[in-house]
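Engineer:
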Amino acid sequence: MKKISKEKREMIIRRTLYFGLPLIIMAIIYAILHVYPFGKLSLLTYDMGEQYVDFFAFYKDTLLHHPSQLLYSFTNGIGGETLGLWAYYLLSPFNLILLFFPKSMLPVGIMIMTLIKYGCAGLALGYCLEKMHWTDQKWIPAATVCYALMGWILANEFNIMWLDVLVLLPFILYGIEKIFDEDRSFYYTIFLALTLFINFYMGYMVCIFVVLYFIWTAVRKWQNWKTFGMKAARFSISSLLAAGSVAFLLLPTYFDITKSKGVYTQQTIQSVIEYQPWKMLSKFMIGTINDNQIQNGFPNLFVGALIIGGFILYFLAKKIPWREKITAGLVCVFMFFAMCWQPLDLVWHAFQYPVYYPYRFSYLVSTWMILLALRGFAKIGKPEIYQLAITFIIPVICWIVIFINRKKFNFLTVPNAIATLIFWIVIFGIMTWMLMGWNKQIKKFNLQMLASGLMLVLIAAECGMNGYQTIKNIPGASEVSYTDFVANLDRDIAWINNQDNGHTFYRIGKTFQRSENDSLNAGYRGLSGFTSTQNAAVTSFMNSMGQPNYLGKENYTEGTLLTDSIMGAKYFLAPTDQFDNLVKNNNWVTPATSYRPDISFYGPVKRINGVTIYQNPLALSVGFAATKDVLSSKNNFPSSDFTADNQSYLLNTIAGTHRQYFDKVGYHTKMTNCTLDGGANGNLITTDPNQPSTYEIQLKNVGAEPYYIQLTTGIVWNSSITINGNSMPGMGNGSQPTLFNVSANTPGQDVTIDINPNNGKTIDLNDLEVYKFNLSAFEKTIYSVMNNQWNLTHNGRLQLRGDIDIPHSKDVMMTTIPFNKGWSAKVDGQKVKPREAFGTFLAIPMTPGRHHVTLSFWPPLLTLGIIVTLITWAILVLCWRYEKKKL
């Protein structure tokens, strides 16, 4: 066996340290905080629990069972393209780890994957620093810990798909160094391409940063203008080749975004300072994260005391030319304003305000500081007293300013502030020892080596304490809230799938949910969805139907018998005792999100573990005959105030009828400690804010038909609402009022609805209405539509085929498939251009008679993207061979 050389053995030890130390620190933190399997908590909080864990289940299902879901899936909301979903969330190679974990164990797999990403971030920086000969070896281990455990990664570890950028970024910067030092750009091109492929959003930010880094590097390694021009051309062409090499992904993703997240792009930019800039200094302290900071806080800048010291020394080092320091200073100024001036902030975020997690690019600021700090250590030599004094005093002054104003920062505690100062003083002392080169030998101990070891321990302690204080302040989630829910839902969906043959297209609704993406997790066609690539037209439609919605989110929790039928909700899941479930809404199996007694009109077909499965006999197929009036490229529903009118308009336009399906009914009211200003739909004003107040709505002797109350978002958000004494679940996101079901199949009974203002708030009762559903009129209309449905003979994931009879009164086959230019249609073998219905759905004009209709999907711009990618790859092969010959 060949003996490993001393140099190689030392290298293996160093790189094991780079990888292992951040991983071990975070593993200890998870154990202390009782994260499963060390306790009952999990990392499934914020978007990790509401989105990503479901995406990972979808990821496993796609790779192991249904690869066509790489392009499109009807489990994505009510159906949607998925290339954008993969490009934004699921292309990290680390995700392959999850294939070794069953779906029920995904929380454990996610934790292990997160730990590995922490370790790989440290390893990547350490490896590249060594290769670039960036600084003395003694500084690198501590720097890798500061990098891998910077404040940004701790605040965003739940956005796990972003963390890969910290693994790739050092290689990209090393690639830029190679452009200057070796006149080779292939390395840079490959790693930039990987970044754009794995997460194009972080890749976009990196593309901005590498321009700044290239300019600074050009100044640092300046020769002449001709050389600069050649390097700049090589850099620009290489960057374009990197983008072109993944055009097969970027082009269709771009198209997808223009129909989803891109709709919300800022059209106007205001030149405003977003907060007092000095306040960002607080984020260099330990443990400066809480829920408010995650929602709308300052940039996450923690990098540790050592980096702050080195960063200041960089600008004091005499060996660094002024032109380099001025360039670095200009980059710092640019980044400073990007973190507080709205126009630059929006540039970094692709001209969209972040929803939660502000200043998402701050990892680049931290990386920049780390690089300058290490260069400062390499170039400062033996520092003079004034240099050390300035380096010590500036952070102390900043600390004093923040500490004096600590009451302005609800995330900053006195113990954490004091700990920050203590770490700074001690680390500065050891840093001074190391810089001064005091190197006495005491017995077998070299004091420089001892100082380096002590520095590493202190940095690990400082970053570890910050990690602990940060993660501790973020609300945790129970591990069983995921595992119990998923296990139960999977059983329900499995039973339904066994009942229907493969040709039937149906959707499933629920009165309970763990997240809006339950359908992605369990693999069924659902009615809700939440992704950054969610179709904006669908969100707008759901808003018009009164469903809770927000940017990239629609939540079908408050449907009616009418919308259930049109959307093809053939099955509905609900707790066996819905009303009792409202009282016990603390279980993980059926967490209530709506109260739908109207589904009692559907026949119960199965009971499994406290869940009743209902079958809706009036659910439409995915396609049906409709009048040409449905054709519209815009959402043209008539009312933004009365949701019942929109739902009636939807069905009447499809059927060509003019019936009223929701009849307004009167009600009795009783007020306790409140008065109405402006009549029945005026402002509800609490008389004594210190006492509870109630606006009681009484429905006497109700009929068997479903009853709905229309409430605006303002009412739902600013009051608690009960039905016959039990809290009513539901959310009020969206501009459209929502119809809440309050009664069905309870003839002769009374219904009491209480609106209880929160903390004496004034409640605007505008648009509050109570309706009785006209069941007979609805049945007449829906049966007429059911007579002419699309009967599928092939129900594929990318293609649907079937037959439909179009009566003489109709001239369109409308579907409830979201419109997308990727869908192509053939009617009786002839291509037909699909149209939009209600600005949302796919529709196909056709003549009366019997027709065979085929719908097929292929993502827009994918073919062009593949062509561009193949051409780019050919060019890259030539470039690689050319550079190889030069070696």
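If you count by the working numbering, then the sequence shown holds residues 272 to 1158, one letter each, in order. Don't be surprised by glycine CBs; every beta carbon is placed ideally from N, CA and C. Predicted model, so just to flag it, every value in this text is computed and none were measured.
What does a CB cutoff of less than 7 Å around threonine 333 pick up in its chain, not counting 5 residues either side in sequence?
Structural biologist: Gln340, Leu341
Engineer: Nearest to aspartate 1025 by alpha carbon, out of Ala1015, Gly996, Asn1037?
Structural biologist: Among Ala1015, Gly996, Asn1037, the Cα nearest to that of aspartate 1025 belongs to Gly996.
Engineer: Hey, quick one: how far does the alpha helix (DSSP H) through glutamate 655 stretch, first residue to last?
Structural biologist: Premise fails: glutamate 655 is in no alpha helix (DSSP H) and is neither H nor E.
Engineer: For the alpha helix (DSSP H) containing lysine 402, name the first residue and the last one.
Structural biologist: 377 to 403
Engineer: With the cut-off set at 8 Å, would you say asparagine 1059 and proline 963 are in Cβ contact?
Structural biologist: no
Engineer: So serine 510 is in the alpha helix (DSSP H); what residue range does that whole segment cover?
Structural biologist: First-last of the alpha helix (DSSP H) with serine 510: 496 to 516.
Engineer: Would you kindly report the start and end of the unbroken beta strand (DSSP E) that includes threonine 940?
Structural biologist: 939 to 943
Engineer: According to DSSP, is arginine 1072 part of a helix, a strand, or is it coil?
Structural biologist: strand
Engineer: Which whole-angstrom value is the C-beta distance of proline 1119 and proline 1078, which I expect to be below 8 Å?
Structural biologist: 6 Å
Engineer: Could you name the residues that DSSP lists as bridge partners for proline 1078?
Structural biologist: According to DSSP, which records beta bridges pairwise, proline 1078 is partnered with nothing at all.
Engineer: Using beta-carbon positions only, say whether phenylalanine 872 and alanine 1015 come within less than 8 Å of one another.
Structural biologist: yes
Engineer: Between cysteine 945 and the rest of its own chain, which residues show a CB-CB distance below 8 Å, the 5 nearest in sequence each way excluded?
Structural biologist: The beta carbon of cysteine 945 lies closer than 8 Å to those of Leu955, Ile956, Thr957, Thr958, Ser964, Thr965, Tyr966, Pro1028 in the same chain, with the five residues before and after it left out.
Engineer: CA-CA distance, serine 1055 and alanine 926?
Structural biologist: 7 Å
Engineer: For tryptophan 493, does the three-state DSSP call read helix, strand or coil?
Structural biologist: Tryptophan 493 falls in the coil class under three-state DSSP.
Engineer: What's the call for glycine 708, buried or exposed, on a 16-neighbour Cβ count within 10 Å?
Structural biologist: exposed
Engineer: Would serine 836 pass as a contact of leucine 889 if the rule is Cβ separation under 8 Å?
Structural biologist: Taking 8 Å as the Cβ cut-off, serine 836 and leucine 889 qualify as a contacting pair.
Engineer: Quick check: the Cα distance between methionine 501 and isoleucine 579, rounded to an integer number of angstroms?
Structural biologist: 35 Å
Engineer: Considering only the beta carbon of each residue, do proline 846 and phenylalanine 783 sit closer than 8 Å?
Structural biologist: yes
Engineer: Taking the alpha-carbon positions, what's the phenylalanine 1044 to tyrosine 932 distance?
Structural biologist: Here the alpha carbon of phenylalanine 1044 sits roughly 6 Å from the alpha carbon of tyrosine 932.
Engineer: Put glutamate 428 into one of helix, strand or coil per three-state DSSP.
Structural biologist: coil
Engineer: Could you give the DSSP three-state label for glutamate 545: helix, strand or coil?
Structural biologist: coil
Engineer: Taking all protein chains shown into account, decide if proline 523 is buried (16 or more other Cβ within 10 angstroms of its Cβ) or exposed.
Structural biologist: With 16 or more other Cβ atoms from the protein chains shown falling within 10 Å of its own Cβ, proline 523 counts as buried.
Engineer: Where does methionine 556 fall in DSSP's three states?
Structural biologist: coil
Engineer: Among the candidates Phe608, Ser1127, Ser344, whose CA atom is the shortest distance from the CA of lysine 1172?
Structural biologist: Beyond the ends of the chain as shown, which are 272 and 1158, falls residue 1172; an answer cannot be given.
Engineer: Assuming threonine 1009 is part of the beta strand (DSSP E), what are its boundary residues?
Structural biologist: Counting along the chain, the beta strand (DSSP E) containing threonine 1009 begins and ends at 1009 to 1014.
Engineer: Give me the Cβ distance between glycine 780 and alanine 690, rounded to the nearest whole Å; I'm assuming they're in contact under 8 Å.
Structural biologist: Contact doesn't hold; Cβ gap of about 51 Å is too wide.
Engineer: Looking at C-beta atoms only, is the number of pairs between the region 792 to 807 and the region 821 to 830 that lie closer than 8 Å three or more?
Structural biologist: Of all C-beta pairs linking the region 792 to 807 to the region 821 to 830, three or more are shorter than 8 Å, placing the two stretches in contact.
Engineer: Can you name the residues that DSSP bridges to serine 990?
Structural biologist: Bridge pairing for serine 990: Pro1028 [DSSP].
Engineer: On a Cα-Cα basis, can you pick out the residue from Thr406, Ala392, Asp454, Phe429 that is closest to cysteine 1151?
Structural biologist: The sequence as given places tryptophan at residue 1151; cysteine does not occur at that position. Cα-wise, what sits closest to tryptophan 1151 is Asp454.
Engineer: How do the region 359 to 379 and the region 541 to 555 stand: do at least 3 beta-carbon pairs fall below 8 Å, yes or no?
Structural biologist: no
Engineer: With distances taken Cα to Cα, identify the nearest neighbour of arginine 1121 among Leu1132, Thr1134, Val1083, Gly1093.
Structural biologist: Measuring from the Cα of arginine 1121, the nearest candidate turns out to be Val1083.
Engineer: By alpha-carbon positions, which one of Leu467, Val436, Ala489, Ile508 ends up nearest to serine 456?
Structural biologist: Ile508
Engineer: Restricting to Cα atoms, I'd like to know which of Asn788, Asp452, Phe451, Leu420 is closest to valine 438.
Structural biologist: Leu420
Engineer: How do the region 889 to 901 and the region 1080 to 1099 stand: do at least 3 beta-carbon pairs fall below 8 Å, yes or no?
Structural biologist: yes
Engineer: Where in the region 622 to 707 do unbroken runs of the alpha helix (DSSP H), each at least 4 residues long, occur, reported from the N-terminal end onward?
Structural biologist: 633 to 651, 656 to 675, 685 to 707
Engineer: Where isoleucine 1137 and leucine 304 are concerned, what is the direct C-alpha to C-alpha distance, given to the nearest angstrom?
Structural biologist: 47 Å
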